[in-house]
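The opening residue of the sequence shown carries number 1199 in this note's numbering; numbering runs sequentially from there.
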Amino acid sequence: MPSTTDPRTLQDLSRAGRHDASVDSAHGGARDRTSTATPSGGTAQVIAPDGSRHAHPELDPWLEDVDDALLRQLYTDMAVARRVDAESTALQRQGQIGLWPPLLGQEAAQVGSAHALRGDDFVFSSYREHAVALVRGIAPADLLRVWRGVVGSGWDPYAARMAPMQVIIGAQTLHATGYAVGLLVERATGPGGSPAWGGPPSDGVERTSAVVSYFGDGATSQGDVHEAMTFAATWSAPVVFFCQNNQWAISEPVALQSKVPLVERARGYGMPGVRVDGNDVLAVLAATRQALHRARTGGGPTLIEAVTYRMGPHTTADDPTRYRTSADVDAWRALDPVDRFAAHLRGLGVLDDAAEQAAQDTCDAVAAALRSGISGTPDPSWEAVFEHVYAEPHATVAAERDAYARYLDGFADGADGAEQREGRR
């Protein structure tokens, strides 16, 4: 049988989302706050919280090529993601960006899955996949330009093979499915332009690239996600639905969203599903590699539920102490993904003092580049918010723009209105 998390860890994971009635008046007082039950297949894991490695017959074959260099790269990428996250939070507090959604605690889920991707695979993400973006080669400053309001996308989506972040929760799953179906049609069209596809083969040969859509447990309550999975299963689309179950949809615990483990929904859509310890970077890497191989060989979509925890607020505008207890946060802090992987690498002799210092030096360099890059970015103009709303000029948008211009002119106090508007961007 595949290995699962040890009993103590499973207990901690299954209680994610629990909180006291004293911080839960919104749902009518006390009720059971425990998370959904553990699925019959368990939660796949290869690195225990203490850093020890144990066998997993299904996942181990997908880790056979992982050498010391890749292990160190995974660790460095997780450390860099955490540092960028901390720097970005500080920059928001300093007024350099308008908002920031921290990823603290989700580094393993994002870095592990991102390293499973090929260069020609395409990513459709939500607004929290900063580590995925970094692994895909997107500069941190370009990532933050979006949150500064300067641009709609700080990078070339086609070059990075990663679509702009999606703030309409769940919509990215539909985009991903549509793109994946397009890959099938493109591959199946004959030389004369006539469709030649009669169904995807499943002979183990990778014939196409794949698509990954990232979303959270909260998005699973959105209709777009269900439509995307239904359509993907029907078409056997080469897409992996990667759900980072961080236990909270802002202030809503996952137990109040679903009475069954999220991964169990895969059977209803007619696709494989796997629940993996999202704080175990190697387990995530292996599970995502397996799902991507299935997608590329005609096996259709897969749902991955990566069980993790959002250690910080939903965004910098959120106060999580209003809806969860410090005891829950402390329990998950003991399962910290970066500390766990560091302990594993030290046990292997892969992460010595020199390697750890090298990772720290990389973090320092990335942080310095981020600060200088964002501080040199111009402020967005006030007009920018009215641009790119529609493909063609729209009367309503034009009226709103003119109304806001008149509002800003009201502060002119004798100064030139245009200059006043420039100063109040």
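All C-beta atoms in this analysis are idealised placements derived from N, C-alpha and C, irrespective of residue type, glycine included.
DSSP three-state call for residue i: helix, strand or coil?
i	result
P1451	strand
V1505	strand
W1298	coil
R1522	coil
R1270	helix
R1251	strand
I1572	helix
G1421	helix
R1405	coil
A1603	helix
H1491	helix
E1585	coil
T1514	coil
Q1292	coil
D1263	coil
S1311	helix
S1351	coil
S1579	coil
S1286	helix
G1608	coil
V1548	coil
G1335	coil
G1416	helix
G1303	coil
P1535	helix
Closest by CA to residue i, which one among the options?
i	options	result
E1503	D1340, L1302, I1366, D1475	D1475
L1490	P1470, R1508, Y1507	P1470
P1511	T1432, I1448, I1245, A1267	I1448
Q1442	A1430, W1433, P1459	P1459
P1259	G1496, W1580, A1481	A1481
G1303	R1604, L1606, Y1507, F1609	Y1507
V1505	D1265, N1444, E1581, D1319	N1444
A1557	A1253, I1245, R1281, R1569	R1281
G1293	D1607, V1587, I1572, V1437	I1572
G1545	P1247, F1584, D1577	P1247
V1244	D1340, V1479, A1267, E1462	V1479
R1520	E1450, G1497, E1554	E1450
E1285	G1317, G1239, L1341, A1253	L1341
Y1605	T1594, Y1588, W1580	W1580
D1528	G1240, M1509, P1518	M1509
D1319	R1291, A1357, T1287, I1295	A1357
E1554	D1537, V1595, E1590	D1537
E1598	E1590, F1584, A1532	F1584
K1457	G1421, G1497, D1415, D1559	D1415
CB-CB under 6 Å to residue i, same chain, minus the five flanking residues each way: which ones, in chain order?
i	result
P1535	E1305, A1306, N1477
A1417	I1367, G1368, V1423
F1440	S1311, V1410, Y1412, I1502
S1419	Q1455
A1426	T1371, L1372, T1375
Return the bridge partner residues of residue i from the DSSP annotation.
i	result
T1500	V1438
M1360	V1321
R1473	E1503
N1443	V1505
S1411	F1322, F1439
R1346	None, per the DSSP bridge assignment.
For residue i, which residues of its own chain have a beta-carbon under 7 Å away from its beta-carbon, when the five flanking residues on both sides are left out?
i	result
A1485	A1242, L1257, V1472, V1474, I1502
F1429	T1375
A1464	P1470, G1471, L1501
E1262	none
D1283	P1300, L1301, L1302, H1328
Measuring CB to CB, does residue i end up less than 8 Å from residue j?
i	j	result
G1335	V1344	no
T1513	A1435	no
R1405	R1494	yes
A1431	Y1467	yes
R1270	V1548	yes
F1609	Y1273	no
R1326	T1575	no
A1515	L1297	yes
L1483	H1313	yes
P1499	V1437	yes
V1564	P1299	no
S1407	L1381	yes
G1350	H1586	yes
W1433	V1379	yes
A1552	G1249	no
C1561	A1277	yes
Return the chain-ordered list of same chain residues with a C-beta closer than 8 Å to the C-beta of residue i, the five sequence neighbours on each side being excluded.
i	result
Q1370	F1322, S1323, S1324, A1361, Q1364, S1411, Y1412, F1413
A1279	L1301, E1305, Q1308, V1309, H1328, A1329, L1332
G1402	T1495
R1487	W1260, A1314
D1517	P1511
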